[in-house]
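Trainee: Encoded as structure tokens, here's the structure I'll be asking about.
2 protein chains.
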Amino acid sequence: MKKFVLLASAIPSLAFAAPDRTADLRDAALKDDIAWDITEGLTTEIGQRMAGTEAEARARDWAVMKLKALGFSNVRVEPFDMPVWVRGEEKAEITLPYPQPLVLAALGNSGATPETGLEADVVYFPSFDALKAAPDSAVKDKIVFVSHAMKPTQDGSGYGHYGQARFTGPNVAAKKGAAAIVIRSIGTDSHRNPHTGNTSFEAGVAPIPAAALSNPDADNLERIFARKKAVRMKLTLTPRNIGVRPSGNVIAEVPGSDPDAGIVLIGGHLDSWDLGTGAIDDAAGVAITAAAAKRIMDSGRPRRTIRLVWFGAEEIGVLGGKAYFERHKDDNHAIAAESDFGADRIWRFETKLPDSAKAVADRLANALFPLGIVRGSGAAGGGADVGPVIRAGVSAIDLNQDGTRYFDLHHTPDDTLDKVDPKALRQNVAAWTAMLSVVADAPENISTRRP
Amino acid sequence: MKKFVLLASAIPSLAFAAPDRTADLRDAALKDDIAWDITEGLTTEIGQRMAGTEAEARARDWAVMKLKALGFSNVRVEPFDMPVWVRGEEKAEITLPYPQPLVLAALGNSGATPETGLEADVVYFPSFDALKAAPDSAVKDKIVFVSHAMKPTQDGSGYGHYGQARFTGPNVAAKKGAAAIVIRSIGTDSHRNPHTGNTSFEAGVAPIPAAALSNPDADNLERIFARKKAVRMKLTLTPRNIGVRPSGNVIAEVPGSDPDAGIVLIGGHLDSWDLGTGAIDDAAGVAITAAAAKRIMDSGRPRRTIRLVWFGAEEIGVLGGKAYFERHKDDNHAIAAESDFGADRIWRFETKLPDSAKAVADRLANALFPLGIVRGSGAAGGGADVGPVIRAGVSAIDLNQDGTRYFDLHHTPDDTLDKVDPKALRQNVAAWTAMLSVVADAPENISTRRP
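Those sequence lines, one after another, are chains L and A.
Here the first sequence stands for residues 1 to 451, where the numbers follow the working numbering.
Here the second sequence stands for residues 1001 to 1451, where the numbers follow the working numbering.
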């Protein structure tokens, strides 16, 4: 290996080092306890907080109490109404050729079987594309089983591709006349914990019973189909639509000194799926963003107002994000960012900034590199909840978390506090604190909408 | 590092190598597919096979068909009757101070709550010893929660220690007047899959409802107790005793050439808990022992008869092992060994042999060292099913599997085929094949009972 000769002039000297407030805040955040405290509190004292339910209402009360206690300003709930779907009984068994129970979970918006269950022949499709290509006659009155081959990726992009089996597979099967559908969980683990999640039926299409099998159960069903025998399944799913109920977004602010500089919008979502306790999805996200905002607040008034939103009802159609946008689309948002991809370490950042803010991105890169975070070459897109704001033209920053483990846990009963690595959580807080320090105080214009 | 000088005389020469039948059989077994075929078949075509149920009966039929197809002799079922307990509905929720659902599974022999559930204050004990030490007044009419701190160990010895909370915790709580008991799962994972297993009540003690919480749920309950608030729980468990039903042991043999040399008794258990598909507990064990016996059979008639037993009803009280012993205690058993500790690699062997067989243990050590298996300094004790035979004085060999992962999966829904590592399974078959080759053909007397 070649040796590097260091010239004396290349070694930074303490005497020349300018004070670096961002670096100091970032490094202090590596000892953060605020984010753990929020994640632990929300998962322990509330647990599951399914959108539109009484549990989500208790989570809002908890959030208001916690955000006020942390010293934020303008802490409030902005309510909205929503239709609510709740899980019922869920059971499945193979009745032929090899009788045995299966582990599954209904998808959000699933239709119900009769209370005594529904038994039908099963037809197997190795992929969503295979289901789409099938003639109606192959599917009619049958229970459709759709599998796939999702594998973990660092950026999580397999979700969009393989997720189609869940997002629209039931709608496609319903239109072809299927009696019901079971899909292989959109997940990358091999535990007997099914991955739920929302599915959508087109207007006019009657929802059919739709559920996700755990991956080991899907493996087993594939092995059974490999025996080339007729397969029958009995399925009992009794979810219900319980009508319109209240949800809401919880908002807190760190007031800035310059109202004209625009708002830095950050947050995550407060609701969770009902199977787990919503630790990585998304207690961690609301906790990371709140901890970072608190650290900026405690270090002095920033130039820009930081608005922290803990969105309601994300999981069942981004209802909180849409309600926020309807109410606040004319607010002076300078930039938006969201944490909703777990609690593992941030490995990359991307930006969508006006040309006037090129130096801001450079300062971000300098501030984040010591945390092992690289600059990506793509454009930031924000998260689901801040998506409407960003699509309306607002600048954005993404702090990308490592998603390799995320779809092991996503939407499963296994999304519990023990899956959060405290060290990675602190790295997240440090990155968000550094980002907020750079962005909230930037003297440049950072808004793409109001140059 | 010091260099070693190899003398020419220290290098074994092919010209001097005697044929080593055991080594040849062992090395061929490293490519075994028989054990995988059995493990895959039993978990796919039968799945769960709870003792005394119709599923266990189908497993016996499957076993007879498979063992005959493999070419074994004297394939038969030896039936026995047993009382059968079956799982019902199982639900739990914390009602105070932080309402939320919990994931749990009833323990075998658990009593039932009313169908509408049972709600009571919860009292927390960090260990089984703490429960034992508590006065009746601390427990009466309450739901007892017993936790513990089980950690993985290579030899699995934590099970005996921590397992007391399950084996006899419910009996202790019942005698003190508890309304019900929930224990932290006797398991070392952190997934939301509870570990079931049998519990026993003394004669005259009425069974109370008894269940195991998944470890993440037990963590959560401990965090709730750390808040120093009164905790209430609603528990619904509706298991039933369905009366006396048939079970049975499936037996197959490789006839030996010398009836006076005694029988080599090997096997595992065919039944499984109802939550998983019994892949590591104990499809792997019956598969490993059958594959090894088949390999010996195909290589020529051994001196000693190898008797392979796939025991029934092990999980709910070693009923198959006891029935076998009652029927066969006067048979000329030379030695016994069992595979019932998963499918991970074998790391050690131990023996219980008469002095006349010292050379046999030395040959075993030579045959197993190339598989990374060391000689232990303790005495072999056999597995649960062959335990009665060994305790009656029969020689024994233990091939100890690495148990570090075993209690992550043991008795959970997650005991499924994907948890079996095909390479480790083959190492097991190779070790068992080598052991059988040494033991079945040993010219020495190996029996402690009949010198």
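Positions of the beta carbon are idealized from the N, C-alpha and C atoms, including for glycine.
Model, not experiment: these values are computed from the prediction.
#1: Pick helix, strand or coil for threonine 53 (chain L), following the three-state DSSP scheme.
#2: I need the straight-line Cα distance from serine 437 (chain L) to isoleucine 296 (chain L), nearest angstrom please.
#3: Please classify asparagine 445 (chain L): does DSSP put it in a helix, a strand, or coil?
#4: May I ask which residues mark the beginning and end of the alpha helix (DSSP H) holding threonine 44 (chain L)?
#5: Quick check on the DSSP output: the beta strand (DSSP E) that includes methionine 82 (chain L) runs from which residue to which?
#6: So for isoleucine 316 (chain L), helix, strand or coil by DSSP?
#7: What are the residues in the region 38-53 of chain L lying within 8 angstroms of chain A by C-beta distance?
#8: With a floor of 4 residues, list each alpha helix (DSSP H) that falls wholly inside the region 1193-1261 of chain A, ordered by position along the chain.
#9: Quick one: any contact between the region 35-44 of chain L and the region 414-425 of chain L, if contact means 3 or more CB pairs under 8 angstroms?
#10: With a cut-off of 8 angstroms, does the C-beta of valine 1438 (chain A) fall near any C-beta of chain L?
#11: Pull up the DSSP beta-bridge partners for glycine 1108 (chain A), would you.
#12: Beta-carbon within less than 8 angstroms of alanine 1361 (chain A)'s beta-carbon, same chain only, minus the 5 sequence neighbours each way: which residues are those?
#13: Please check if any C-beta of chain A sits within less than 8 angstroms of the C-beta of aspartate 281 (chain L).
#14: Using a Cβ-Cβ distance under 8 angstroms, would histidine 1191 (chain A) count as near chain L?
#15: Can you tell me which residues form a DSSP beta bridge with tryptophan 310 (chain L)?
#16: Going straight from the alpha carbon of threonine 448 (chain L) to that of glycine 393 (chain L), what length do you get?
#17: Return helix, strand or coil for isoleucine 1011 (chain A), following the three-state DSSP convention.
#18: In terms of DSSP beta bridges, what is histidine 1333 (chain A) paired with?
#19: According to the neighbour-count rule (16 or more other Cβ atoms, all chains shown, within 10 Å of its Cβ), is aspartate 344 (chain L) buried or exposed?
#20: Can you tell me whether glycine 1285 (chain A) is buried or exposed, with buried defined as 16 or more other CB within 10 angstroms of its CB?
#21: Whose C-alpha, out of A:Ala1442, A:Asn1445, A:Asp1421, is nearest the C-alpha of aspartate 1032 (chain A)?
#22: When you compare the region 243-252 of chain L with the region 312-323 of chain L, are there three or more beta-carbon pairs, one atom per stretch, that lie closer than 8 angstroms?
#23: Since leucine 417 (chain L) meets chain A, which of its residues come closer than 9 angstroms, beta carbon to beta carbon?
#24: For isoleucine 1183 (chain A), which of helix, strand or coil comes out of DSSP?
#25: Note down, in chain order, each residue of its chain lying with its Cβ closer than 7 angstroms to the Cβ of lysine 329 (chain L), except the 5 sequence neighbours on either side.
#26: Which one or two residues does DSSP pair with threonine 277 (chain L) in a beta bridge?
#27: Check whether the Cβ of aspartate 1414 (chain A) lies closer than 8 angstroms to any Cβ atom in chain L.
#28: Looking at the C-beta of glutamine 1401 (chain A), does it have a partner C-beta in chain L at a distance below 8 angstroms?
#29: Return the bridge partner residues of asparagine 400 (chain L) from the DSSP annotation.
#30: Look at the alpha carbon of glycine 256 (chain L) and the alpha carbon of valine 75 (chain L), and state the distance between them as a whole number of angstroms.
#31: Can you confirm whether proline 101 (chain L), when its beta carbon is compared against all beta carbons of chain A, has any partner nearer than 8 angstroms?
#32: If distances are taken between C-alpha atoms only, which option among A:Pro1114, A:Val1146, A:Ser1137 comes closest to aspartate 1129 (chain A)?
#33: Locate the alpha helix (DSSP H) running through serine 1437 (chain A), then write down its first and last residues.
#34: Name the chain L residues whose beta carbon is nearer than 7 angstroms to that of tyrosine 1124 (chain A)?
#35: DSSP on aspartate 129 (chain L), reduced to helix/strand/coil?
#36: What number of angstroms, rounded off, separates the C-alpha of alanine 434 (chain L) from the C-alpha of glutamine 48 (chain L)?
Mentor: So, to answer that:
#1: If DSSP states are grouped into helix, strand and coil, threonine 53 (chain L) belongs with coil.
#2: 7 angstroms
#3: coil
#4: 34-45
#5: 73-86
#6: coil
#7: Glu40, Thr43, Thr44, Glu45, Ile46, Gly47, Gln48
#8: 1215-1225
#9: A contact between stretches requires three or more CB pairs, one per stretch, nearer than 8 angstroms, and the region 35-44 of chain L meets this requirement with the region 414-425 of chain L.
#10: no
#11: A:Asn1198
#12: In the same chain as alanine 1361 (chain A), and ignoring 5 residues on each side of it, the C-beta atoms closer than 8 angstroms to its own belong to Thr1351, Leu1353, Arg1375, in chain order.
#13: Proximity of aspartate 281 (chain L) to chain A, defined by a Cβ-Cβ separation below 8 angstroms, is not satisfied.
#14: Residue contact check for histidine 1191 (chain A) against chain L: a CB pair falls below 8 angstroms.
#15: L:Val250, L:Gly268
#16: 7 angstroms
#17: Note on isoleucine 1011 (chain A): pLDDT 49, under 50, position unreliable in the model; no value is reported.
#18: A:Ile1263
#19: Label assigned to aspartate 344 (chain L): buried.
#20: buried
#21: A:Asp1421
#22: yes
#23: Pro1216, Asp1219, Asn1220, Arg1223
#24: Residue state, collapsed to three classes: strand.
#25: Ala392
#26: In the DSSP output, where bridge partners are listed per residue, threonine 277 (chain L) has none listed.
#27: yes
#28: no
#29: L:Arg348
#30: 15 angstroms
#31: yes
#32: A:Val1146
#33: 1422-1440
#34: Neighbours of tyrosine 1124 (chain A) on chain L: none; closest Cβ ~15 angstroms, over 7 angstroms.
#35: helix
#36: 31 angstroms
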